[in-house]
Amino acid sequence: MQTTGNLGLKKPEGTDIVDITDLNGNMDILDNTVNGKVDKISGKQLSTNDYTAAEKTKLTGIAAGANNYTHPNHTGDVTSTGDGVTAITPGVIVDADVNATAGIAATKIGTGVVSNTEFGYLDGVTSGIQAQLAARPLLTTTPQQTTAALTYYVRTDGNDSNTGLVNTAGGAFKTIAKAVSMIPQIVNHDVAITTAAGTYTDEIVLGGYSGSGQIVISGAASVSASINYKVKNVFATRNSIRININGFEFTDAPAIRNNSCVYVMENPGFFEVAISRSVFVNTAKNGVSISGSATVNVYNCEISNKQYAVFASYKGSVAVQETIGTGNTYRFRTVAGGRIDYFNCAIAGLDAVSDAGIIMGAPGIVNPWGDNTLSMRPAMRAYAHGTTSQALSAAVWTKAQFPQENVDNLSNYDPSLHRFTVSQEGIYQINSVVTFLNPSAGAACELYLYVNGAGYRRLGYAPAQAGTSMCVTGSASELLHKNDTVEIYVCCGSACNLSLATDSNFEIVRVA
């Protein structure tokens with residue numbers, strides 16, 4: 002018995018016995034199948050393709066009355082075309098068109114270089130910001146000023162790219178000059194530069210600082226320790242604030258800085274160098290020089306082997322306290338109204354004053370008799386000395402020889418030439434005595450003052466007595482000018498010799 006492929010209907014073959022039951026079963030199958038058939042309706046034909054559930058769901062979502070969509074074209078502020086391209090005309094969207102909650106990122110505005118954080122910096126800016134900016138002084142032309150106390154650290158193992166605010170190799174500056182460059186020109190607070198031991202090739206230059214604060218640059222805590230804190234030199238000019246330089250050894254005195262280790266020029270503010278030293282040997286250089294600066298103090302220092310330990314000029318005024326030194330040609334030199342006041346000092350060298358300069362020590366008063374100016378006044382005494390007395394020819398004017406010095410304050414006397422050279426214009430007291438040994442009876446014994454190589458005035462005259470030596474003395478007060486030369490000449494009517502030792506001497510001192 003065979004069956005159909007779709008419904009499984011039984012099909013008897015030629016040799017099969019036909020059973021009515023099989024026919025009835027086929028009929029029941031056909032009847033049931035017909036009940037599920039969709040009748041054909043005109044205009045609503047079904048295709049031969051399968052109709053799936055997904056397709057049915059899709060069609061169910063189509064609104065009533067929907068048709069095949071064609072996008073319309075639109076022009077105006079907003080252009081929309083059927084191909085899907087939409088464009089908005091520039092400038093038509095206004096502030097009212099943007100919702101406040103949209104939260105548009107600042108990077109999507111303009112060229113996109115401003116972030117929301119940066120945009121927030123403008124919060125609180127007034128509408129007059131441009132006028133405020135235009136009226137604000139430029140830092141390039143207006144000095145900056147301190148806002149709090151500052152401390153910078155300098156070490157030889159530091160780096161000038163550091164901040165200078167931490168006393169470590171990774172925090173400190175390498176040069177003092179870098180630390181100075183960080184100080185604002187207006188200083189209203191304490192500014193300290195603290196240096197570690199080492200050799201620095203810096204010139205410390207401080208210029209134009211003003212305000213109510215002070216600058217202190219410090220190294221060692223004592224003069225003896227300052228040998229470990231070496232710098233080249235210091236130059237200060239036109240500062241109105243207090244400046245202190247403490248605890249350094251200076252190794253240079255540049256010609257451009259008045260050949261001085263410390264040069265303070267036209268500085269109206271107080272300046273002090275303390276517990277410092279300069280001992281390198283160069284008698285063409287100076288220790289401390291002051292020019293046109295009213296208030297300078299040198300305290301507890303050592304200045305040696307210089308031309309001038311301390312020099313003051315052009316109304317510059319300096320006080321020198323508890324300072325020592327050796328090997329200086331001059332300890333103090335003032336000129337053109339410069340002034341040096343000193344006390345408790347032990348500095349070797351001469352003093353020199355000219356052109357209204359003043360050097361004053363204890364007791365600190367000006368005495369018309371000059372009691373406090375002994376060390377700076379030209380004064381000398383010399384006498385005949387040797388194993389052979391000076392021989393005189395008869396009636397010949399001969400320079401008297403005084404080769405041995407007792408006193409020569411300012412090195413005005415040349416014992417080889419027996420000549421005094423005036424270094425300061427003024428009135429000088431001149432004294433001389435010579436002893437003629439055994440001149441002939443009646444021979445004239447004369448003593449004469451020579452100025453600039455020519456006879457100036459007679460100091461003494463006496464006729465010789467038979468069989469005895471003659472002592473002739475003389476004195477004079479004379480106005481002498483700078484570079485004048487003074488000598489003593491003698492003459493005897495007969496040949497004789499001059500006595501040695503203190504029987505023959507020459508004295509001169511400036512008295513006014």
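Using the numbering used here, the letters of the sequence shown correspond one by one to residues 2 to 513.
In this text, a Cβ means the ideal position worked out from N, Cα and C, and glycines have one as well.
| Asked | Found |
| --- | --- |
| Might you give, ordered along the chain, the residues of its own chain that have their beta carbon closer than 7 Å to the beta carbon of G352, omitting 5 neighbours on each side? | This sequence places Asp at residue 352; Gly is not what is there. So the qualifying residues of the chain are Y331, R332, F333, I360, S376 and M377. |
| Grab the span of the alpha helix (DSSP H) containing D23 for me, first residue to last. | I21 to N36 |
| Label M28 either buried or exposed according to how many other C-beta atoms from any shown protein chain fall within 10 Å of its C-beta, with 16 as the threshold for buried. | exposed |
| Between which two residues does the alpha helix (DSSP H) holding L60 run? | A54 to T61 |
| Would you decide whether M471 is buried or exposed? Buried here means 16 or more other CB atoms lie within 10 Å of its CB. | buried |
| Taking C-alpha atoms, which residue in V473, F437, T324 and R137 lies nearest to C346? | T324 |
| So the alpha helix (DSSP H) L133 belongs to, where does it begin and stop? | The sequence as given places Gln at residue 133; Leu does not occur at that position. Note, Q133: alpha helix (DSSP H), I130 to A136. |
| I231 to S279, Cα distance in whole Å? | Just to set this straight, residue 231 is Lys in the shown sequence, not Ile. Computed Cα separation, rounded: 10 Å. |
| Pull up the distance between the alpha-carbon of P369 and that of A275, whole angstroms please. | The predicted position of P369 is uncertain, since its pLDDT is 49 and thus under 50; a value taken from the coordinates is nonetheless stated next. One C-alpha to the other measures close to 34 Å. |
| Let me know if D203 comes out buried or exposed under the rule of 16 or more other beta-carbons within 10 Å of its beta-carbon. | buried |
| Using only the alpha-carbon positions, how far apart do I184 and K316 sit? | 29 Å |
| Report the rounded CA-to-CA distance for A178 versus P91, giving the unit in angstroms. | 58 Å |
| Tell me the DSSP secondary structure of V181 in three-state form. | helix |
| Tell me the DSSP secondary structure of I94 in three-state form. | coil |
| Comparing alpha-carbon positions, which option in S314, E273 and Q308 lies nearest S292? | S314 |
| Could you compute how far the alpha carbon of T5 sits from the alpha carbon of G37? | 19 Å |
| Which of helix, strand or coil does DSSP assign to A353? | strand |
| Taking only three categories from DSSP, how would you classify A496? | coil |
| If I'm right that V311 touches G288 with Cβ under 8 Å, what's the distance once you round it to whole angstroms? | 6 Å |
| So, does the stretch 209-220 touch the stretch 236-255, judging by three or more C-beta pairs under 8 Å? | yes |
| Considering only DSSP beta bridges, list what Y490 is partnered with. | K400 and Y449 |
| Mapping the DSSP letters down to three states, classify T284 as helix, strand or coil. | strand |
| Look up A226 in the DSSP assignment and say whether it is helix, strand or coil. | helix |
| Which same chain residues end up closer than 6 Å to F249 when comparing Cβ atoms and leaving out the 5 residues on each side of it in sequence? | G220, S227, Y230, V232 and S277 |
| I'd like to know whether the C-beta atoms of T436 and L393 end up nearer to each other than 9 Å. | no |
| Buried or exposed for V491, going by 16 or more other Cβ atoms inside 10 Å? | buried |
| Roughly how many angstroms lie between the CA atoms of S505 and A385, to the nearest whole one? | 6 Å |
| Three or more beta-carbon pairs under 8 Å between the stretch 403-414 and the stretch 450-470, yes or no? | no |
| To the nearest angstrom, report how far apart R258 and I341 are at their CA atoms. | 20 Å |
| Under 6 Å Cβ to Cβ from F236, same chain only, skipping five residues before and after it: list those, please. | V206, R258 and Y264 |
| Using 10 angstroms around the beta-carbon of G129, count the other beta-carbons present and answer buried if the total reaches 16, otherwise exposed. | exposed |
| Going by other Cβ atoms of all chains shown within 10 Å of its Cβ, with 16 needed for buried, is N407 buried or exposed? | exposed |
| Taking the alpha-carbon of V297 as reference, which of V224, I246, A395 and V282 has the nearest alpha-carbon? | I246 |
| Run the CB neighbour count on T335, radius 10 Å, all protein chains shown included, and call it buried at 16 or more, exposed below. | buried |
| What residues in its chain sit with their C-beta under 6 Å from that of V192, if we drop five residues either side in the sequence? | L151, I184 and I216 |
| Between Y201 and F174, how many whole angstroms is the CB-CB distance? I'm expecting something under 8 Å. | No, Y201 and F174 are not in contact; Cβ-Cβ is about 11 Å, not under 8 Å. |
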